[in-house]
Every structure is written in structure tokens, then in C-alpha cells.
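Chains as they are written, first to last, in the working numbering: chain F, 27 to 220; chain D, 27 to 220; chain C, 25 to 298.
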Amino acid sequence: MSERLEATLESLLFLSPQPVAAEALADATEAELPEVMGALERLREHLELERRGLVLRELAGGWTLSSHPEAEDAARALLSRPRTPPLTPAQSETLAIVAYLQPVSRPEIARIRGVNAESAAQTLLERGIVVEAGRSQFGAVLYRTSELFLRLFGLRSLEELPDLAEFDPSPELREELRERLLRAGEARAGGAVP
Amino acid sequence: MSERLEATLESLLFLSPQPVAAEALADATEAELPEVMGALERLREHLELERRGLVLRELAGGWTLSSHPEAEDAARALLSRPRTPPLTPAQSETLAIVAYLQPVSRPEIARIRGVNAESAAQTLLERGIVVEAGRSQFGAVLYRTSELFLRLFGLRSLEELPDLAEFDPSPELREELRERLLRAGEARAGGAVP
Amino acid sequence: MRLVDLELDLDVFAGPFDLLLTLILREEIDLLEVDLADVVISYIDHLERRPDDSPVAPSGEAGRRARGQREELDLEAATEFLVLIAALLELKSRLMLPGEAPDELVDLDPGEAAEELLERLLDAHRYRAAAAALQERLAAEAGHRFRSAPLPPQLRRASVAHAAAVYDPRTLGAAIGTLLTLPRPVDLSHLTVPRVTVAERLSLLRTLLRRGSFSFEQAIERADRVTIAVTLFALLELYKSGEATWTQDESFGPIEIAATAWPSDVAGRVGSPA
Numbered sequence: 027m028s029e030r031l032e033a034t035l036e037s038l039l040f041l042s043p044q045p046v047a048a049e050a051l052a053d054a055t056e057a058e059l060p061e062v063m064g065a066l067e068r069l070r071e072h073l074e075l076e077r078r079g080l081v082l083r084e085l086a087g088g089w090t091l092s093s094h095p096e097a098e099d100a101a102r103a104l105l106s107r108p109r110t111p112p113l114t115p116a117q118s119e120t121l122a123i124v125a126y127l128q129p130v131s132r133p134e135i136a137r138i139r140g141v142n143a144e145s146a147a148q149t150l151l152e153r154g155i156v157v158e159a160g161r162s163q164f165g166a167v168l169y170r171t172s173e174l175f176l177r178l179f180g181l182r183s184l185e186e187l188p189d190l191a192e193f194d195p196s197p198e199l200r201e202e203l204r205e206r207l208l209r210a211g212e213a214r215a216g217g218a219v220p
Numbered sequence: 027m028s029e030r031l032e033a034t035l036e037s038l039l040f041l042s043p044q045p046v047a048a049e050a051l052a053d054a055t056e057a058e059l060p061e062v063m064g065a066l067e068r069l070r071e072h073l074e075l076e077r078r079g080l081v082l083r084e085l086a087g088g089w090t091l092s093s094h095p096e097a098e099d100a101a102r103a104l105l106s107r108p109r110t111p112p113l114t115p116a117q118s119e120t121l122a123i124v125a126y127l128q129p130v131s132r133p134e135i136a137r138i139r140g141v142n143a144e145s146a147a148q149t150l151l152e153r154g155i156v157v158e159a160g161r162s163q164f165g166a167v168l169y170r171t172s173e174l175f176l177r178l179f180g181l182r183s184l185e186e187l188p189d190l191a192e193f194d195p196s197p198e199l200r201e202e203l204r205e206r207l208l209r210a211g212e213a214r215a216g217g218a219v220p
Numbered sequence: 025m026r027l028v029d030l031e032l033d034l035d036v037f038a039g040p041f042d043l044l045l046t047l048i049l050r051e052e053i054d055l056l057e058v059d060l061a062d063v064v065i066s067y068i069d070h071l072e073r074r075p076d077d078s079p080v081a082p083s084g085e086a087g088r089r090a091r092g093q094r095e096e097l098d099l100e101a102a103t104e105f106l107v108l109i110a111a112l113l114e115l116k117s118r119l120m121l122p123g124e125a126p127d128e129l130v131d132l133d134p135g136e137a138a139e140e141l142l143e144r145l146l147d148a149h150r151y152r153a154a155a156a157a158l159q160e161r162l163a164a165e166a167g168h169r170f171r172s173a174p175l176p177p178q179l180r181r182a183s184v185a186h187a188a189a190v191y192d193p194r195t196l197g198a199a200i201g202t203l204l205t206l207p208r209p210v211d212l213s214h215l216t217v218p219r220v221t222v223a224e225r226l227s228l229l230r231t232l233l234r235r236g237s238f239s240f241e242q243a244i245e246r247a248d249r250v251t252i253a254v255t256l257f258a259l260l261e262l263y264k265s266g267e268a269t270w271t272q273d274e275s276f277g278p279i280e281i282a283a284t285a286w287p288s289d290v291a292g293r294v295g296s297p298a
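Here it is, written out as C-alpha cells:
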């Protein structure tokens, strides 16, 4: 019976993403609190002695199972592979702006694209392709590309970004890239053409 | 070392939200596939013999840990939600047709059931049991079962579904139906016809 | 209820549903002449009538079981009816559509049609049995729950070591090229500068109002479309400020405009004797 209690507690903690208080475990298993405390202690020892892949811990909010720290490298290899679905046009544009102008702020990206850049920038941040790089003098968060960005695009350094001459619709203009992008963006957004 | 492999595999499967193929486990642990298969088998046996709260199973093309059924009452008490809400007859019929005929379109499902499959198909889609699978040559959306379907129904692959022929109506029923369609009226013919 | 018990009274046929099927399949009744909607209505009537016709059910456990059993039979019969009527509808619509060969138009091979109906019924039985088996499987799996938890924070960041070059840097150059393209200036040459202002039309309407009531037609005599629109706008302004109101007895009829009884610009007088 009490061996069964250990197993049931293991099941319950396996299913709970958050730590569970011993009282809640006692309620769910219809066992007495001291019984539950004893079973938890035995389960913890058992997992440790048998050198299993799980560790039982008591945290502030209650008891929780976690994976063994020794498995972390393998876990990273299995679960932390970069997510690389094809980039949407909004993501490509946002990433291109960050790549060529870095560091660049979110309001600037929005001005250049003529539309809100919120969700595309958020996705790039979450995937770790773009990272924060301090704040502008006006307090806006600045972005730059990450090392992961270089890897995913097969670049050794930012120097290897493609030369823009090939893609520039009016290469005769000699102004700075940032100025020209902002001007084109404002023309797109407001229609106020110079 | 190989004992460590068992523990690492347990950690990985604890962390993975989906079943993991043995090949992916071998990649992540930098072990050979036969070694991994052996370790998985030992882990499965160990969990069973030690009567632990976890069960290792091969499902949906990979390996996954689940809670032990004996803990189900306590799990229901603690988590206060069913594992998966039961299917209505309309939903299970629709699911059966998708499972055996996939990819299959909504009009085809309706043709077999004799009624519209709209709402049942919608619910199955929302619950992720069925997913879209492109379009038929006439432009109707096609459906197939998902990986979640295999997991929820405890199947390693679609091949494990029983042969549809097993559900053939008995020869007696078949004869009775034929009789009713073709000859039952014959006996009465003449009487009621205008 | 058994489907056998369904009695029909249609224009072209009176008798049990089963017999109708047989006669259709033997081409003694032309399917094109059968109003299938009436068959459906008869069936629904039959279903609704049934509880009153049935003998009083025994009470208690036995009664509950009997009722439960009957409901199951109903479900079976209902499935059968639905499958058959759907198949008949399909056959009928096929008969109504010209086929590729002209003689396909009215040709229904009774043997084939019967086989098709039988196959439909068998399929319905098969998939219902398969559905029941799936339900059982799902119930048997109920105790195997899966863990659903977010990854621990240290695993959530993508690891650089496992990154391969999957994206083409040229997409970035191309995106910048798109962003550098200036939009074509908007061509405004087709628009004419409005020559009439709301203020002008307001003062015209006020002048007309001072002379008494007038029709909208009078206010827009010889005016172009823009002027008509601006005049209407001015009229709405007058209505909003309470200076004028209008009546129109019928749609597209003349609009009569008159000053309101209590001009709002003399608010102090409102309520005092006129």
C-alpha cells in the first residue's frame, strides 16, 4: 500500500507542471499528511539511490519533479535546436533592417516599414535571432543581431552581409542608408512625397 | 555508463512534450541506436518491475512517458479535469471515417454518414485530433488524423488500427438488409401500389 | 421504431417506406416523380407521433432499461433512414443531371442501384462499429496521462552549437531593396479643386429660409454634382443646429425645407410665451 502511495505521488508530480503542496497531495490520494510526507521522502531517496533521470525537490510552493542536471547537455541537443521555419515577409524586412542598421530601435523599424513592427520583432527576439542592445538616447530599446543569426545565415561576420548595390533601386543616391530608408518609409506611410 | 544512458533517456522523455523517435534520442545522447533501444527496453522493464508511477510506451512513432493508470483516481482529484473529454457518437463516427479513409474530405464523410459532418469535424479539428491535409482535386479541404490522435488512442502508428473488415456486418445482417431492399417489398407488391 | 413501420402517403405512392424502396429499385415507380422531402416529413411526423402510440412503459428499473433499449433502436433506425434517404437524393440528382452519354439521362440500373444502397448501408454499419471500437480504445487509455509542462528556462534559449545555415543572406539584401523603393507619387490630376464651400451654401440656405419654406430642388437649381453634395451637407448642418427641418412625403419625392419653430440661436426665448 505505502509503496503504491509512492508510485501514485510520482504519477501526480509527473503530471503537475507546478510544485504541489503536500496537503494537496494528501487530499488527492486520500492519505494522511504524515504518510504522504514519509512516502515523499522515500521517493526522493529512491530516485537518488537508483540514479534515475528524475529528481524530487521541495521548493517554496511544494514538491516538484525535475530532470536530472546530468542530462542537461543531451536535453539541449534534443530540445534547444533553433526553430527555423521560413521567415515571413514582415520578419525578413524587420531582420534586414536590424542587420544593416544595427543598433536600431523599434520605433525606427516601424518608421522604415511604414507599419507596426511589434509582432515580427517579438518573434525574432523569442527565437534568439535578434537581441536587445541597450537603449537609445531617447530611452527606446535597441536591437542588434545575435551570433545565432550569423550561424543561421551561414555568415562568419556582419561584413559578409550581401552588398546592397545589387538590390538598390537607385544606387546613384549617395546618402546614408539609414536616411534613405527612413525617407522611403515615411513616404510609404504618409504619402507625403518630397 | 549504460545505466547513465537509461537515466538520461528518462530525463529526456520527462522533458519532451511529444513522443521522441529512438533515432533522435540516439543523436541527443551521442549513443548508437542499438544501445539506445536496449536502454529504452531496460527502462521500460525497470519502471514496470519496480511498480513506479510512470509507464514508458512507444506511441505515435516515438517513445513517451505517461502516468500509471492506477494513479488515475488521484490524478482526477488533483487536476480536476478529465484526460480528454469523451467523443459524441457523431464525433467518433467522423473520426473513424477519417482514420480509415484518410485523406478524406468533408463531403465524403457526409456521404457515408448520410448527414452533415460540419460540427463534428470542427470539434475534432479544434481538439487537434484531426488536421487538415491539403485539398482534393475539387477544392474540398482534406482531413487526416494527427499525432495526438495516435497518442490519445495508444497507437504506435495507423497500421495498428484494426482492419476495417473486422467491422463488417455479420452475413446475417447483410442478408437481412439485402432482403429488405430487394425482396421484402416483393411479397407485398401488388397491394399498396396505385 | 423500425423503419419497416414507416407508412407513407405521397402523391405517387401510399404504403410502407420499404415497399417504396423496392418499387423504385425495380423501376415500377419513377424516382424522379417521388417527392423525397415529403418522405422526410412523414418520417419526422412518425418519430414525433411514436411516444403517444407506444403502450405505457413499466416504471422503475425495468422501464428505464426498456426505454434505453428503445432509444438505441431508434438511433439505429435513424442512421439507416438517413443513409437511405441521402443515397436516394444522390441517385435522384444524378438522374436529373445530364450524363456524358445522352442515354445516361434516365437510365438507372435497378440491380446496380440496389447494390449501391446496400453498400451504403453496410458502410454505415462498418463505420459505426469502428467508431464504437475507437471509443473503447480511448476509454481504455484514460489512465495514461501525458505531462504537459513548459521547458525549464535554461533549455528555452536556442543553442548556437546546434544551428545550421538554413537561411539565404540574399533575402536580407532583397528586403532592403524593397524598403528603399520610393512609392510612386499619388496622381491627383483627375481630381478637381472644389469651387464651392459649405459656408457659401449655408448662407444661400439661410437666405431662402428667411423668405419662408422652399424645396431642395430650388436650392440646387442648375448646380453641378459637387455643389448638390455640398448643399446637402449644409442642410444637415442647419438641421443639426436646429435652424431648419424638412419633410419628404414619399421616397424620391420633393423635399420641403422650413425653419424650425424654436430657433436654437435664441435659446433664451425657449419656454417663454411666443
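We put the CB at the ideal spot given by N, CA and C, even for glycine.
Bear in mind the structure is a predicted one, so any value in this text is a computation, not a measurement.
Reference F/A136; option with closest CA among F/P111, F/L168, F/L113: F/L168
Under 7 Å by beta carbon: chain D residues contacting C/E165: L178, F179, G180
The alpha helix (DSSP H) enclosing F/V62, as first and last residue numbers: 59-75
Beta-carbon gap between D/L75 and D/E36 smaller than 8 Å: When the beta-carbon positions are compared, D/L75 and D/E36 stay at least 8 Å from each other.
Close Cβ partners of F/L174 (< 7 Å) along its chain, the five nearest in sequence each way excluded: P108, G154, I155
C-beta atoms of C/F41 and C/L49 nearer than 8 Å: Contact annotation: C/F41 and C/L49 have beta-carbon atoms that are not nearer than 8 Å.
Pairwise C-alpha distance: C/H149 and C/L13: Nothing about residue 13 of chain C can be reported from this structure: the residues present for chain C run from 25 to 298 only.
Cβ of C/Y151 within 8 Å of any chain D Cβ: For C/Y151, a Cβ of chain D is located within less than 8 Å of the residue's own Cβ.
Pick from C/A223, C/A185, C/E280, C/K264 that is closest to C/T271, judged by C-alpha positions: Selected option, being the one with the closest Cα: C/E280.
Contact set for F/S92: own chain, Cβ-Cβ below 8 Å, skip 5 residues either direction: L80, V81, R83
D/G140, buried or exposed, once every other Cβ within 10 Å from all chains shown has been counted against 16: buried
Nearest neighbour of F/P133, chosen from F/E186, F/L176, F/E185, F/E212 [CA to CA]: F/E212
Chain-ordered neighbours of F/G64 on chain C, where CB pairs are closer than 8 Å: Under the 8 Å cutoff, chain C gives no residues; its nearest Cβ is about 25 Å from F/G64.
D/P111 versus D/S42: straight-line alpha-carbon distance, rounded: 23 Å
Reference C/L228, options C/R208, C/T205, C/V254, C/L203, closest by Cα: For C/L228, the nearest C-alpha among the options comes from C/V254.
Sheet register partners of D/S92 (DSSP bridge): Note: D/S92 sits in a beta bridge opposite D/V81.
Cβ pair count under 8 Å reaching 3, the region 171-190 of chain C against the region 184-197 of chain F: Under the 8 Å Cβ criterion, the region 171-190 of chain C does not count as touching the region 184-197 of chain F, having fewer than three qualifying pairs.
C-beta neighbour in chain C for F/Y169, strict 8 Å: no
Rounded straight-line distance, which links the Cα of D/E186 to that of D/L178: 13 Å
Cβ of C/F170 within 8 Å of any chain D Cβ: yes
Separation of F/A97 from D/L66, as counted between CA atoms: 15 Å
One or two residues paired with D/Y126 in a DSSP bridge: Per DSSP, D/Y126 has no beta-bridge partner at all.
CB contact check: F/G79 to chain D, cutoff 8 Å: yes
Alpha-carbon spacing of D/A86 relative to C/Y67, whole angstroms: 44 Å
Expected contact under 8 Å - CB spacing of F/L59 and F/A48 to nearest Å: 6 Å
F/Q148 - DSSP class collapsed to helix/strand/coil: helix
Buried or exposed by the 16-neighbour rule on C-beta atoms within 10 Å, applied to C/L277: Before going further, note that residue 277 of chain C is Gly rather than Leu in the sequence given. Exposed, since its Cβ has fewer than 16 Cβ neighbours within 10 Å.
C/R235, enclosing beta strand (DSSP E) - first and last residue: Note, C/R235: premise wrong, no beta strand (DSSP E); not H, not E.
F/S36 in three-state terms, based on DSSP: For clarity, residue 36 of chain F is Glu in the given sequence; the question names Ser instead. Looking at F/E36 - three-state DSSP - the assignment turns out to be helix.
Member of D/T149, D/E119, D/S118, D/A159 whose CA lies at the smallest distance from the CA of D/S17: With chain D represented from 27 up to 220, any question about residue 17 of chain D goes unanswered, as that position is not in the structure.
Simplified DSSP state of F/L187, which is helix, strand or coil: F/L187 sits in coil when the DSSP states are folded into three classes, being neither helix nor strand.
Proximal residues of chain F, C-beta to C-beta of C/H186 below 8 Å: R102, A103, S106, R107, P108
Beta-carbon neighbours of F/S92, restricted to chain C and to distances below 9 Å: P176
Inter-residue spacing [alpha-carbon to alpha-carbon] between C/L196 and F/Y126: 9 Å
Beta-carbon gap between C/L162 and D/L113 smaller than 8 Å: yes
CB contact check: C/A182 to chain D, cutoff 8 Å: no
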